[in-house]
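To keep things clear, I will list the structure first and then write my remarks on it.
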Amino acid sequence: MPSSFAIFVLLALATLLGAAGVALSRNIFWSAMGLLACLLGVSGLYVLLAADFIAVTQVLIYIGGVLVLIIFAIMLTSQIRDISVSNSSMGSVGGFALFWVVATLLCFVALWAPWPIASLPPGQGSTAAIGDGLLGRWLLPFEIVSVLLVATMIGAIVIARKEAKPD
Amino acid sequence: MPHLALGHFLVVAALLFGFGLLAVVTRRNAVAVLMGVELILNAANLNLVAFGRYVAGGIAGQVFSLFVIVLAAAEAAVGLAIILAIYQMLRSIDTARATTLKE
Chain A
0 MPSSFAIFVL LALATLLGAA GVALSRNIFW SAMGLLACLL GVSGLYVLLA ADFIAVTQVL
60 IYIGGVLVLI IFAIMLTSQI RDISVSNSSM GSVGGFALFW VVATLLCFVA LWAPWPIASL
120 PPGQGSTAAI GDGLLGRWLL PFEIVSVLLV ATMIGAIVIA RKEAKPD
Chain B
0 MPHLALGHFL VVAALLFGFG LLAVVTRRNA VAVLMGVELI LNAANLNLVA FGRYVAGGIA
60 GQVFSLFVIV LAAAEAAVGL AIILAIYQML RSIDTARATT LKE
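The structure is reproduced here in structure tokens:
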């Protein structure tokens with residue numbers, strides 16, 4: 000049986016290769032496929048962190064919702080047949096410099112900062128606790144988010160529809 | 000084999016954030032810029048859940064990342080609607096060409 004560290008390495012590789020595909024691929028559709036690998040890998044990492052509900056939500060909302068929306072936008076806005084550059088980039092030298100600086104700095108902080116690690120018991124499933132929390136302690140943000148979703152839905156419809164010409 | 004620790008997840012999240020930033024900065028296709036934003040939000044979520052697991056305990060980090068996921072979905076919907084509107088107007092979603100407000 001593989002140890003959890005081996006599984007972690009596999010998931011991290013999938014995540015980071017997918018993210019590199021999003022950032023570097025010449026073809027916008029392969030970028031979307033990289034995003035798929037990346038989101039699946041992150042959802043697996045959530046499982047390793049004992050956050051089962053977040054993992055399932057990630058698959059449902061990100062892959063089932065956001066990624067499908069993104070692929071729709073790609074299909075509607077670019078000719079998918081010409082594989083040539085629909086995904087050109089600019090200023091790659093500055094971009095890579097920024098990437099190395101930010102990634103090195105964040106990794107340094109992540110590895111050498113004295114985080115106050117608590118010796119917590121190994122995680123249990125958290126779905127029941129999240130349900131209690133959303134209808135108890137976090138009820139107000141929950142309701143605000145639902146109002147925000149309605150506003151988002153109306154706003155997206157209004158922005159994306161074709162302008163009606165006044166006769 | 001080493002045990003899983005907080006640092007492993009933080010490093011993955013840091014590299015994820017770096018790639019997202021790279022996509023946002025270098026891409027000219029507006030949809031790809033939006034994908035970079037999604038990567039950055041995922042990195043933040045991973046950090047929240049990892050800190051909740053190893054430092055804070057409880058479910059506060061997970062609930063917070065749940066709200067971030069909902070907000071990311073809302074942002075993607077509105078962002079893609081704006082991209083479609085720009086495409087109808089300019090027949091292109093090159094971010095370098097959407098300069099109508101500048102003139």
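First to last, the sequence lines map onto chains A and B. In this text, residue positions in the first sequence follow numbering that gives the first Met the number 0: the first is 0, and each later residue adds one. In this text, residue positions in the second sequence follow numbering that gives the first Met the number 0: the first is 0, and each later residue adds one. Beta carbons: idealized from backbone N, C-alpha and C, even for Gly.
So which residues of chain A does residue 52(B) contact, with C-beta pairs closer than 8 Å? One-based indexing of the second sequence puts residue 52(B) at position 53. What residue 52(B) touches in chain A: 48, 49, 50, 119 and 122.
Give the C-beta separation of residue 110(A) and residue 8(B) to the nearest angstrom, bearing in mind that I take them to be a contact with Cβ-Cβ under 8 Å. Locating residue 110(A) in the first sequence gives position 111, counting from the first residue. Locating residue 8(B) in the second sequence gives position 9, counting from the first residue. The Cβ separation is near 12 Å, so there is no contact.
Which one of 20(B), 80(B), 16(B) and 11(B) has the shortest CA to CA distance from residue 73(A)? In the first sequence, the residue the question calls residue 73(A) occupies position 74. Nearest option by C-alpha distance: 80(B).
In angstroms with no decimal places, state the Cα-to-Cα distance between residue 58(B) and residue 123(A). Within the second sequence, numbered from 1, the residue matching residue 58(B) stands at position 59. Within the first sequence, numbered from 1, the residue matching residue 123(A) stands at position 124. Spanning the two alpha carbons is a distance of roughly 11 Å.
For the alpha helix (DSSP H) that contains residue 111(A), what are its first and last residues? The residue you call residue 111(A) lines up with position 112 of the first sequence. That run of the alpha helix (DSSP H) goes 91 to 111.
Can you round the beta-carbon distance between residue 61(B) and residue 53(A) to whole angstroms, since I take them to be within the 8 Å contact cut? On the second sequence, position 62 is the one that residue 61(B) refers to. On the first sequence, position 54 is the one that residue 53(A) refers to. About 5 Å; that satisfies the 8 Å criterion.
DSSP puts residue 93(B) in a beta bridge; with which residues? Here residue 93(B) refers to the residue found at position 94 of the second sequence. Per DSSP, the beta-bridge partners of residue 93(B) are 28(B).
Classify residue 102(B) as helix, strand or coil using the three-state DSSP reduction. By one-based count along the second sequence, residue 102(B) stands at place 103. Under the three-state reduction of DSSP output, residue 102(B) falls in the coil class, being neither helix nor strand.
Just to check my reading of the structure: residue 44(B) and residue 67(B) have Cβ atoms closer than 8 Å, yes? What is that Cβ distance to the nearest angstrom? Residue numbering aside, residue 44(B) sits at position 45 when the second sequence is read from its first letter. Residue numbering aside, residue 67(B) sits at position 68 when the second sequence is read from its first letter. Contact annotation, residue 44(B) with residue 67(B): C-beta distance approximately 5 Å; criterion of less than 8 Å satisfied.
Can you look up residue 51(B) in the DSSP assignment and give me helix, strand or coil? Taking the second sequence and counting its residues from 1, one reaches residue 51(B) at position 52. If DSSP states are grouped into helix, strand and coil, residue 51(B) belongs with the helices.
Counting only beta-carbon separations shorter than 8 Å, does residue 58(A) have a partner in chain B? On the first sequence, residue 58(A) is found 59 positions in, with the first residue counted as 1. Chain B contact via Cβ: absent.
Determine, using beta carbons only, whether residue 185(A) and residue 76(B) come nearer to each other than 8 Å. Residue 185(A) lies beyond the residue range present for chain A, which begins at 0 and ends at 166; the question has no answer from this structure.
Considering just the uninterrupted stretch of the alpha helix (DSSP H) at residue 140(A), what are its terminal residues? If you number the first sequence from 1, residue 140(A) lands on position 141. Following the DSSP letters along the chain, one finds residue 140(A) inside the alpha helix (DSSP H) bounded by residues 138 to 159.
Which chain A residues sit within Cβ distance under 7 Å of residue 58(B)? Taking the second sequence and counting its residues from 1, the one referred to as residue 58(B) is at position 59. Neighbours of residue 58(B) on chain A, chain order: 125, 128, 129 and 132.
Do three or more CB pairs link the region 36 to 44 of chain A to the region 56 to 63 of chain A at distances below 8 Å? yes
Could you list the residues in the region 138 to 154 of chain A with a C-beta less than 8 Å from some C-beta on chain B, going in chain order? 140, 144, 147, 148, 151, 152 and 154
Leaving out the 5 sequence neighbours to the left and right, which residues in its chain are closer than 7 Å to residue 21(A) when beta-carbon positions are compared? As a first step, residue 21(A) must be located in the first sequence, where it is residue number 22. Once the five neighbours on either side are set aside, the close Cβ partners of residue 21(A) are 30, 33, 34 and 37.
Other residues of its chain near residue 28(B): CB distance less than 8 Å, five sequence neighbours each side excluded: Numbered from its first residue, the second sequence carries residue 28(B) at position 29. Around residue 28(B): 92, 93 and 94.
Rounded separation between residue 84(A) and residue 28(A) - CA only: Locating residue 84(A) in the first sequence gives position 85, where the first residue counts as 1. Locating residue 28(A) in the first sequence gives position 29, where the first residue counts as 1. With a pLDDT of 47 at residue 84(A), under the threshold of 50, the modelled position of this residue cannot be trusted; read the value that follows with caution. Straight-line Cα distance between these residues: approximately 11 Å.
Could you check if residue 36(B) belongs to the surroundings of the ligand HEM, using beta carbon to heavy atom distance under 7 Å? This structure simply doesn't include the ligand HEM, nor any ligand for that matter.
In angstroms with no decimal places, state the Cα-to-Cα distance between residue 105(A) and residue 6(A). Position 106 of the first sequence, counted from the first residue, corresponds to residue 105(A). Position 7 of the first sequence, counted from the first residue, corresponds to residue 6(A). Looking at the two C-alpha atoms, the distance is approximately 23 Å.
Tell me the DSSP secondary structure of residue 15(B) in three-state form. Walking along the second sequence from the start, residue 15(B) turns up at place 16. Reduced to three states, the DSSP call for residue 15(B) is helix.
Extent of the continuous alpha helix (DSSP H) to which residue 45(A) belongs: The count along the first sequence starts at 1 and reaches residue 45(A) at position 46. Segment 27 to 47, the alpha helix (DSSP H) holding residue 45(A).
If we ignore side chains and look at the alpha-carbon of each, how far apart do residue 125(A) and residue 53(B) end up? For the purposes of this step, residue 125(A) is taken as the residue at position 126 of the first sequence. For the purposes of this step, residue 53(B) is taken as the residue at position 54 of the second sequence. Approximately 15 Å, taken between the alpha carbons.
Please confirm if residue 115(A) has its CB atom under 8 Å from at least one CB of chain B. Reading the first sequence from its first residue, position 116 is the one you call residue 115(A). Taking Cβ atoms only, chain B reaches closer than 8 Å to residue 115(A), which makes this a yes.
List the residues of chain B that residue 13(A) touches, going by C-beta distances under 9 Å, in chain order. Position 14 of the first sequence, counted from the first residue, corresponds to residue 13(A). Per Cβ cutoff of 9 Å: no residues; residue 13(A) is ~11 Å from chain B at best.
To which residues of the same chain is residue 18(B) closer than 7 Å at the C-beta, ignoring the five residues directly before and after it? Position 19 of the second sequence, counting from 1, holds the residue named residue 18(B). For residue 18(B), where only same-chain residues beyond five positions count, the Cβ hits under 7 Å are 38.
Cβ-based burial, residue 155(A) [other Cβ within 10 Å; buried from 16]: Counting from 1 along the first sequence, the entry for residue 155(A) is found at position 156. So residue 155(A) counts as buried.
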